[in-house]
Amino acid sequence: MIKNLKYVTSFNRKGAWSVVLWPILHSIFITAPSGILLPVIWELFSEHPNVQKIWMIIGIMALMLIIQFFIASKSMINSNIWVYDLSAKLRIKLGNRIQKFSLGFFKKKDPGEIASILLQDIANFEGIFGHSIGKLAAAFGTVVLSIFLFIYDWRLALCLLAAVPLIYPFLRVTNYFVIKLGKEQIAARNIMGAKFLEYVQGIRHLKSYGLTGERNKSLRRSFEDLRRKSIRMEAIPGPFIITASVVFEIGFLAMLALGLYYLNGNTITIPVFITFLIMGYNLYNPLKIVMVDYLVLRYMNESLNRIIDVMEEPTMETGKNEWPDRFDIAFENVSFGYSDKSTVQYLNFRVPEKSMLALVGHSGSGKTTLVSLIARFWDVDTGSIKIGGVDIRNINHDKFYNFISGVFQEVYLFDDSIYENIKIGKPDVTKEEIMEAAGRAQVLNFVAEFPEGMDTKVGEAGSKLSGGQKQRISISRALLKDVPILLLDEATASLDPENEIYIQQAIQKLVKSKTVVVIAYRLATIQNAHQILVLENGKIAEKGNHTELFHKKSIYRKMWDIQQKSGGWKVKNKYHRNKQ
Numbered sequence: 015m016i017k018n019l020k021y022v023t024s025f026n027r028k029g030a031w032s033v034v035l036w037p038i039l040h041s042i043f044i045t046a047p048s049g050i051l052l053p054v055i056w057e058l059f060s061e062h063p064n065v066q067k068i069w070m071i072i073g074i075m076a077l078m079l080i081i082q083f084f085i086a087s088k089s090m091i092n093s094n095i096w097v098y099d100l101s102a103k104l105r106i107k108l109g110n111r112i113q114k115f116s117l118g119f120f121k122k123k124d125p126g127e128i129a130s131i132l133l134q135d136i137a138n139f140e141g142i143f144g145h146s147i148g149k150l151a152a153a154f155g156t157v158v159l160s161i162f163l164f165i166y167d168w169r170l171a172l173c174l175l176a177a178v179p180l181i182y183p184f185l186r187v188t189n190y191f192v193i194k195l196g197k198e199q200i201a202a203r204n205i206m207g208a209k210f211l212e213y214v215q216g217i218r219h220l221k222s223y224g225l226t227g228e229r230n231k232s233l234r235r236s237f238e239d240l241r242r243k244s245i246r247m248e249a250i251p252g253p254f255i256i257t258a259s260v261v262f263e264i265g266f267l268a269m270l271a272l273g274l275y276y277l278n279g280n281t282i283t284i285p286v287f288i289t290f291l292i293m294g295y296n297l298y299n300p301l302k303i304v305m306v307d308y309l310v311l312r313y314m315n316e317s318l319n320r321i322i323d324v325m326e327e328p329t330m331e332t333g334k335n336e337w338p339d340r341f342d343i344a345f346e347n348v349s350f351g352y353s354d355k356s357t358v359q360y361l362n363f364r365v366p367e368k369s370m371l372a373l374v375g376h377s378g379s380g381k382t383t384l385v386s387l388i389a390r391f392w393d394v395d396t397g398s399i400k401i402g403g404v405d406i407r408n409i410n411h412d413k414f415y416n417f418i419s420g421v422f423q424e425v426y427l428f429d430d431s432i433y434e435n436i437k438i439g440k441p442d443v444t445k446e447e448i449m450e451a452a453g454r455a456q457v458l459n460f461v462a463e464f465p466e467g468m469d470t471k472v473g474e475a476g477s478k479l480s481g482g483q484k485q486r487i488s489i490s491r492a493l494l495k496d497v498p499i500l501l502l503d504e505a506t507a508s509l510d511p512e513n514e515i516y517i518q519q520a521i522q523k524l525v526k527s528k529t530v531v532v533i534a535y536r537l538a539t540i541q542n543a544h545q546i547l548v549l550e551n552g553k554i555a556e557k558g559n560h561t562e563l564f565h566k567k568s569i570y571r572k573m574w575d576i577q578q579k580s581g582g583w584k585v586k587n588k589y590h591r592n593k594q
């Protein structure tokens with residue numbers, strides 16, 4: 015626990031100690047008046063009470079109350095400012111680190127779990143320093159109070175403190191259940207978050223298939239599972255905490271019985287006995303709070319573990335920080351697989367600078383994997399991918415994407431305006447350049463239909479736009495970015511024929527001076543490619559240009575013939591045919 019806290023607080027060391035020291039100082043000033051009250055009790059039981067002395071003590075207590083108010087304010091403000099500053103830095107640090115992970119990380123953890131770490135787990139961490147640490151530090155006042163009690167009678171003080179080690183077995187058992195059940199509750203929370211996100215994101219498809227009720231049952235089961243495990247986590251450790259509190263009560267009663275025994279034997283005075291009656295019970299209150307907060311800390315430690323797991327996840331860092339002076343692409347003995355499944359094996363090919371390579375093949379042949387490897391969404395298992403003779407693992411991760419861009423079938427738009435979504439392609443450009451790119455990608459055609467024009471909000475993930483409209487915005491980003499390497503995954507697949515012609519012309523102009531890798535499903539669109547690779551089971555089955563592969567009459571030719579035949583397919587109406 016301490017190791018985890020030290021690791022996380024390392025991101026904001028400045029002022030860390032004050033988060034603990036101020037609450038300790040506050041606890042001392044809370045407890046000290048009780049100790050100062052003891053002379054008043056003694057004075058009242060004396061034969062001739064010194065009223066002036068009593069008023070002086072009351073004045074000191076009033077002064078300490080004022081100081082206590084100042085320290086409490088300082089402690090609360092200081093700890094909250096520090097912990098929220100640390101939380102902000104931690105979220106930024108996690109965000110910056112996440113963007114350097116390979117896509118394998120996102121395969122292992124679904125979006126709901128990642129969101130839970132960034133939001134819920136860091137919020138739990140805020141609770142540790144915002145509340146629990148302060149309460150733990152306040153227990154330091156128990157030490158101060160016990161010192162006062164030992165001064166008056168060490169036997170009764172020892173009797174009170176004897177109850178403290180007796181609660182240890184109950185804490186051990188409770189600690190076991192909190193860790194075990196806490197992990198189960200956190201796992202249920204993550205599953206619920208993932209189910210909810212899946213349900214919301216897929217609501218359109220669920221509606222179209224009439225499955226909203228069926229999938230809602232799954233979501234409801236995840237809520238019910240979270241509710242049940244949350245109750246278990248609270249209910250099962252509860253009796254042990256209550257039993258530990260009873261031990262404290264028994265300790266106080268034992269001290270009371272012992273005090274009466276000593277009082278009858280005239281070995282203690284009435285003022286001493288009254289002092290222990292008043293202050294002895296207060297000795298346990300901070301310990302009861304600490305006992306509960308300790309268990310809260312043990313639960314929150316799971317959140318710290320999850321944060322640290324992300325912070326220690328390997329990133330796709332760069333090696334020598336080299337920079338290519340040309341933009342040809344070379345695969346040298348590249349093999350790669352998702353988990354234990356091999357996807358591409360020992361690939362060797364080269365894409366000359368300012369040429370076009372087309373990747374074709376049946377579904378699952380490895381086309382998208384190759385493009386993802388070039389974009390360094392993943393790192394190769396063996397071999398290397400080089401741009402301009404430089405291994406892409408040795409190119410600065412941030413600068414790498416300054417010379418590579420892509421248009422993919424799966425387009426993601428941010429919940430912002432159309433203008434800002436295009437501007438993401440190149441943030442430091444002028445409005446005129448953005449409008450020109452939008453025009454070339456036929457974005458202005460549909461923007462004219464919206465009252466707010468380019469300032470129209472697209473909704474989360476572009477939910478307010480059609481697939482073709484989102485694709486055109488994606489293409490305009492690539493046109494705007496204008497980088498040496500361009501990756502295309504059937505960029506015009508979701509466009510209508512009329513706009514497809516215009517955008518194909520824009521892309522043709524764009525790729526003239528670039529190194530282009532395109533995934534092609536419609537072979538008619540890649541007849542002018544300089545080089546075509548036909549992939550099969552992660553290997554290169556055929557290689558050449560359109561003419562060479564066409565006359566070879568093998569896999570490529572078969573695919574071409576099938577597409578030509580399917581180009582004029584029609585849906586036959588059985589009822590209509592029977593009537594004829």
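Position 19 (the sequence shown) corresponds to 33 in the working numbering; numbering is contiguous. Backbone N, C-alpha and C define an ideal beta-carbon position, used for all residues, glycine too.
Looking only at DSSP bridge pairs, what is residue i linked to?
| i | result |
| --- | --- |
| Thr281 | The partner list for Thr281 (beta bridge, DSSP) is empty, contrary to what the question assumes. |
| Thr396 | Ser349 |
| Ser419 | Leu500 |
| Met370 | Val530 |
| Gly375 | Leu549 |
| Ala344 | Arg364 and Lys400 |
| Glu474 | DSSP output for Glu474 lists no bridge partner at all. |
| Glu336 | Ile409 |
For residue i and residue j, what's the separation of their Cα atoms in angstroms?
| i | j | result |
| --- | --- | --- |
| Ile11 | Leu180 | Nothing in the structure corresponds to residue 11, since the chain is present only between 15 and 594. |
| Arg536 | Val421 | 16 Å |
| Val585 | Ile540 | Bear in mind that a pLDDT of 46 at Val585, under 50, signals an unreliable position, so the number given afterwards is only what the model happens to contain. Near 28 Å, if we compare the C-alpha coordinates of Ile540 and Val585. |
| Met314 | Gln545 | 56 Å |
| Arg246 | Pro183 | 20 Å |
| Lys368 | Arg105 | 41 Å |
| Glu336 | Tyr415 | 14 Å |
| Val187 | Asn319 | 21 Å |
| Ile68 | Tyr166 | 19 Å |
| Ala372 | Leu458 | 29 Å |
| Asp323 | Tyr352 | 21 Å |
| Ile321 | Ile112 | 12 Å |
| Ser419 | Ile499 | 6 Å |
| Gly380 | Leu549 | 7 Å |
| Lys334 | Ser386 | 22 Å |
| Ser116 | Asp395 | 12 Å |
| Leu79 | Ala86 | 10 Å |
State buried or exposed for residue i, treating a residue as buried only when at least 16 other CB atoms are found within 10 Å of its CB.
| i | result |
| --- | --- |
| Gly378 | exposed |
| Thr357 | buried |
| Gly294 | buried |
| Arg235 | exposed |
| Ile533 | buried |
| Phe162 | buried |
| Asn204 | buried |
| Gly552 | buried |
| Gln483 | buried |
| Gly207 | buried |
| Tyr570 | buried |
| Ile287 | Inspection of the sequence shows that residue 287 is occupied by Phe rather than by Ile. Buried: at least 16 other Cβ atoms inside 10 Å. |
| Gln456 | buried |
| Trp96 | buried |
| Trp36 | buried |
| Glu446 | exposed |
With residue i as the anchor, note down where its beta strand (DSSP E) starts and where it stops.
| i | result |
| --- | --- |
| Glu556 | Lys553 to Gly558 |
What first and last residue would you give for the alpha helix (DSSP H) that runs through residue i?
| i | result |
| --- | --- |
| Asn410 | Here Asn410 belongs to no alpha helix (DSSP H), and DSSP marks it neither H nor E. |
| Thr382 | Lys381 to Ile388 |
| Ser488 | Gly481 to Lys495 |
| Tyr433 | Ile432 to Lys437 |
| Phe363 | Segment Lys355 to Val365 is the beta strand (DSSP E) holding Phe363; no alpha helix (DSSP H) there. |
| Ile131 | Taken as a continuous stretch (DSSP letters only), Ile131 belongs to no alpha helix (DSSP H), as it is neither H nor E. |
| Asn459 | Val457 to Val461 |
| Pro179 | Ala177 to Leu180 |
| Arg454 | Lys445 to Arg454 |
Any heavy atom of the ligand MG closer than 7 Å to the Cβ of residue i?
| i | result |
| --- | --- |
| Lys471 | Ligands displayed in this structure: none; no statement on the ligand MG is therefore possible. |
(message) Could you tell me which whole alpha helix (DSSP H) segments of length 4 or greater appear in the segment 83–127?
(response) 117–122
(message) Please give the ranges of any beta strand (DSSP E) in the segment 194–274, keeping only runs that are unbroken, at least 3 residues long and fully inside the region.
(response) Taking only runs of at least 3 residues, no beta strand (DSSP E) segment lies wholly in the segment 194–274.
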